[in-house]
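Protein chains in written order, with our numbering: chain A, 1 to 433; chain B, 434 to 866. A short worksheet on the structure shown next.
There are 2 protein chains.
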Amino acid sequence: MDRIWSTELVQHVGERVRLAGWLHRLRKLSSVCFLVLRDSKGLAQIVIDDPDSIIQLEQFYHESVLIVEGLVVAEPQAPGGIEIHHPVFELLAQPSEPPPIDLFRPRLKAHLPTILDHASLTLRHPYHRALFRLASASMAGFRAALGALGFVEIQTPKIISSASESGANVFALDYFGRTAYLAQSPQLYKQIMVGVFERVFEVGPVFRAEPHATTRHLNEYVSLDLEMGFIRDHHEVMAVLTQVLTTMINTIQTEAADVLAVLNVALPQVPEKIPCVFFSDAQDMLSKATGEDVRGEPDLAPAHEIWLGQWALREYGSDFLFVEGYPMSKRPFYTHPNPSRPTYSNSFDLLFRGLELVTGGQRLHLYDDYLAVLAAKRMESEPLAGYLEAFKYGMPPHGGCAIGLERWVAQLVGAQNVRETTLFPRDLHRLTP
Amino acid sequence: MDRIWSTELVQHVGERVRLAGWLHRLRKLSSVCFLVLRDSKGLAQIVIDDPDSIIQLEQFYHESVLIVEGLVVAEPQAPGGIEIHHPVFELLAQPSEPPPIDLFRPRLKAHLPTILDHASLTLRHPYHRALFRLASASMAGFRAALGALGFVEIQTPKIISSASESGANVFALDYFGRTAYLAQSPQLYKQIMVGVFERVFEVGPVFRAEPHATTRHLNEYVSLDLEMGFIRDHHEVMAVLTQVLTTMINTIQTEAADVLAVLNVALPQVPEKIPCVFFSDAQDMLSKATGEDVRGEPDLAPAHEIWLGQWALREYGSDFLFVEGYPMSKRPFYTHPNPSRPTYSNSFDLLFRGLELVTGGQRLHLYDDYLAVLAAKRMESEPLAGYLEAFKYGMPPHGGCAIGLERWVAQLVGAQNVRETTLFPRDLHRLTP
C-alpha cells in the first residue's frame, strides 16, 4: 500500500490507508488512546481502543517514527473532521530518550536560546517549521516574478580576493596560504553580470562580520538580490521591486496557504504604487513631529523608521514605504548621485512595517566616474581591477536592490527576533547547531 | 517609445522600434555600414548608409552601449531575416579603450586563463553566456521537479563550527576570534531537515579546500542537493534523481531552446530506468576488459569511469549509468551499509558520459548506529551534538544525493575544463575576478 499524506485523508474516507510520521502526541483516556501523528504536511488523529495496542504504544516516546495503517473515518468532533480507526503500527525508529521540549503545545515553552540550541528538535514544531515554508514560498515568488521579467538567475562566488566592497566587517579566511574574504553581498558580481544578461538575480548567503548582537542582525543571512540595466534611474528598480513583492505575497498565498492559518498571519497588501518620501522630507517630518532635530543626520535611526512606518500606515494605509535620496556621504562607492542634487543619492530603502527591508538604488556606470570616486575615497583600484573592467568596456545605466529573506519573514509574522526566522542562525556567540 | 528585445523584431516588421545593447560588431563596406547590436537575448543587424552617421559610428569602439531607433525591414539575406534601416543612435557609454579580445568571432580566440582573467568582458560572448543560461535553466528544472514531489527548499548555513563532516580539506576562517569552517556540503543540515519536512532540497555554494588543480575540480562550486525520508533504500533516491534529471533537460528545452543552437548541443535522453551496475561487478568487467586487476580497489579511477560510460552507451544506448554498492571503507561516516553485504554500502554514483556527476545513497538513521560508527572511526561526537540530536529524537530511514552544477553543464556541452562553465571559478591559483 502506498503511503499518503495526512492532508490527503479527507479524500479516502471509508478506505484503509498507510500514513507515516512522528508520534506528535499521545493522550490516554479511560479506555481509549488518541495518538496524533505528524507528517511533513500536517497532523492526523488516530484512535486506539484495543488494549494490547495501547500497551504497545505506551512504550513509545514522543517523536517515535511510525508507519500506521488504518481505516479513515469521518468524525465531526475530530480535528479536521477525520480520524483513523483500527490502526496497526510499525515502529521505524524509537528516540533514545523522551524529547526535553514538548512539541505538541500550540507554542514551544522555552526561551529562544534554548529553542535555537535544540533546533534539530524544535524546528519540527508546526509553528516553527511553518516559518520556513514562508521562506521557501517567498524565494519561489521572488524567482517567478523576475523570471517573468526576463531576469537570469546567477550564482556568484562567495570567496573573494579583496575586502574592497566596503572594507569593513568582512570575514577573513586562509586560502592556501593567502588571505581571502567572504562576500558581504553579490554586489560587484551582479553588476558585472548586467553587462552579460542585463537583468540578473541571485538567491544566496551573504556574510557580515558585524561584531554586535541585535535582534535584527545576523552574521550570515540569505539575500534576494536583483540588478538590472538600461534604467533611467532608481525609480525603475522600485517599480520592479513592487512587482516582486506582490508576486512573493501571491506565491505565499497559493503555495503556503496552509501555514498561514498555523502562523495566524494576515498577509499585507502591496499598493500598486508604494508611497515614497524623500529622505530630507522624512527628516523634516520627524523633526517637526518628535521635536528632535534630526536634519543633517546621514541616516535614519531604527526609531525613526518605526515612526515613518506608522505614518505611512496612517496616511496611506500602507505597510510599505519607500524613502529615497539618502545622502551620498554614507552610501557605498558605487552609488549614483542625484544629478540635480549631487549630495543626495539615487538610492532608496524600503521600510516594511517600520523596518528597513530592502536597500537599493542606481549605480555608477561610467569608468571615469569609478576612477574618480575611488580616488576621492582613497580606495585602491587595483584590487577591483576585474570589476572595473566591466565599466572600462561599456556598461549601461543600471541599478538593483537586495531583500533580506529572514527579515522579510520576521516582519510578516511579527517575530521579535530575526533568529526565529533563520534556519540555523549565526551570531557573535552562536555557531551551532 | 518602449524598448524591445532583438528577438521581438520579427513581430514589428514595418514599424519603427527602439533597441538597446552593445556594439557587437561594425563592418564597413564601400558606401554602407553594418552594425550588429547585442542585447541580453540576441543580435540585431542595423544598416547605415547615411555618410554622417557612418562618420559618427566610426568613433565608437566595440562594446559601446547604444540605444538605436530604426525601421524594422524584412530582408531574407540578413541574419534572422530582419534588418534595421534608417537608424538613429544615442550613445549611453563609450568604452575607455577598445576591448582586447574580439567578441564578434564565433568562438573567442584566447586561452582559457586569459578568458577567465577577463571574465567581465568574455562572459558577454554569445557562446560563453549561453553556458550560464544552461545553468540557470538547470537550476529551475531541479527546483520544479522537486517542488512537484513535495520537497521544500531550504538554505542552510555555510559557516559551521566544526570540520567534522570529513575532517579534511576544509577552509578555516576567523570567526570573532574563534576558528570556524566553510561547509563542504549541506549534508548534515539537510539530514536534520528531513526530520522537519521529510523532503528538502538546496541550491547553494559548497567549499572544498582541495589543494590540487585538475580540469574537473573547483574549490567553490554550486551543489544541487536533495534529501528525502521514509525510503526503503537508496533505489528510491535514484528513482527521484532520474525524474529530476528528466525535468532538468525538459526545462532546458523549454526555457533555453535558443541557446542550444548557439552552443550546438544535442541534449541527452534520460532512460526511463537508468542502467545500474554493482561496484564489484563493474570492477570484474573492468579487470576482464582491460587486463588490469582492479578488484579490491575502494573506488573507481577516472579512466575506469570513462570505460564504464562507453560500456553503458554501447550496451544500453545510455549516456547515464548508475554504479551502486561502493565499499564502506571509503564512504563518509553517515553512509548506510548494505544489510546483506555490510562491507558494501547502500550508496551510488551516477556517471554521465563517463564522469561522476552525482554521489548519493542511504544514510544511517538510528542514533546508536551513529554512536557506534563515530567510535569505530575515532571521531569525536561532541562537535556533532546538534546533528546527533536529530537522531536521538527519531529519524526515519532516509537518503539523498548532490549534483555538481558546473560539472553537469560542462558534460552537457563537452567542455574540456569545468572552469569554462563556472561563472567566476576559484582554484588553487585563481581568486579573481
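Here a beta-carbon is modelled for each residue, glycine too, at the ideal position from N, C-alpha and C. Since the structure is predicted, the reported quantities are computational estimates derived from the model, not experimental observations.
What do you reckon, are the CB atoms on residue i and residue j nearer than 8 Å?
i      : j      : result
A/F352 : A/V323 : no
A/A183 : A/P157 : yes
B/L536 : B/H457 : yes
A/R133 : B/V585 : yes
B/G833 : B/K623 : yes
A/V270 : A/L245 : yes
A/Y367 : B/S529 : yes
B/A613 : B/I592 : yes
B/S439 : B/K461 : no
A/V200 : A/V194 : yes
B/G837 : B/L783 : no
A/P441 : A/I231 : Residue 441 of chain A lies beyond the residue range present for chain A, which begins at 1 and ends at 433; the question has no answer from this structure.
A/L66  : A/E90  : yes
A/A20  : A/Q45  : no
A/P87  : A/I48  : yes
A/H235 : A/G361 : no
B/D658 : B/P619 : yes
B/A689 : B/A578 : no
B/A605 : A/L173 : yes
A/E63  : A/V222 : no
A/R216 : A/L355 : yes
So, for residue i: in the same chain, excluding its five sequence neighbours on each side, which residues have a beta-carbon less than 7 Å away from its beta-carbon?
i      : result
A/N338 : G325, Y344, S345, N346
A/R16  : E69, G70, L71
A/L123 : R129
B/P858 : L549, L651, R852
A/L374 : F333, S381
A/P433 : A119, S120, F424
B/A507 : V446, G514, I515
A/L286 : V294, H304, W307
A/R208 : N169, Q184, N219
A/M395 : V194, G195, H365
B/V692 : A563, R566, L567
Checking the sheet assignment: what are the DSSP bridge partners for residue i?
i      : result
A/F348 : A/E324, A/G360
A/E83  : A/V73
A/S223 : A/G204, A/G404
A/W22  : A/R38, A/V65
A/Y181 : A/I160, A/A172
A/F89  : A/V68
A/H398 : A/G229, A/R363
B/A477 : B/L470
B/N771 : B/R774
A/F278 : A/E324
B/K461 : B/C466
A/V152 : A/V200
A/L300 : For A/L300, which the question treats as bridged, DSSP gives no partner whatsoever.
Return the chain-ordered list of same chain residues with a C-beta closer than 6 Å to the C-beta of residue i, the five sequence neighbours on each side being excluded.
i      : result
A/L241 : C401
B/K810 : F766
A/R38  : G21, W22, H24
B/G574 : T680, M681, T684
B/M572 : V636
Are any of the Cβ atoms in chain C nearer than 8 Å to that of residue i?
i      : result
B/A453 : The structure shown has no chain C; the protein chains it does contain are A and B.
Apart from the five residues just before and just after residue i, which ones in its own chain have a Cβ nearer than 8 Å to its Cβ?
i      : result
A/Y393 : G195
A/L428 : P211, H212, A213, N219
A/R18  : M1, D2, R3, I4, I67, V68, E69
B/S595 : Y614, P816, L817
B/L754 : I707, P708, C709, V710, L741, G742, W744, A745, L783, L784
Okay, do the region 443 to 458 of chain B and the region 500 to 518 of chain B touch, 3+ Cβ pairs below 8 Å being the bar? yes
With contact counted as at least three CB pairs below 8 Å, one residue from each stretch, are the region 381 to 392 of chain A and the region 546 to 554 of chain B in contact? yes
What are the residues in the region 22 to 42 of chain A lying within 9 Å of chain B by C-beta distance? W22, L23, D39, S40, K41
For the region 145 to 176 of chain A, which residues have a beta carbon sitting closer than 9 Å to at least one beta carbon of chain B? G147, G150, V152, E153, I154, Q155, T156, P157, K158, I159, I160, S161, S162, F171, A172, L173, D174, Y175, F176
Stretch-stretch touch, CB-based, cutoff 8 Å, three pairs: the region 726 to 737 of chain B with the region 682 to 689 of chain B: no
The region 23 to 37 of chain A in contact with the region 663 to 677 of chain B per 3-pair CB rule at 8 Å: no
Check each residue of the region 610 to 625 of chain B: if its Cβ is closer than 8 Å to any Cβ of chain A, include it; give the result in chain order. R611, A613, L615, Y622, I625
What are the residues of the region 806 to 822 of chain B that lie near chain A, defined by any Cβ-Cβ distance shorter than 7 Å? G819, Y820, E822
In chain order, what residues of the region 243 to 254 of chain A put their CB closer than 8 Å to some CB of chain B? none
Output needed in chain order: residues of the region 825 to 840 of chain B with a Cβ under 7 Å from some Cβ in chain A. K825, Y826, G827, M828, P829, P830
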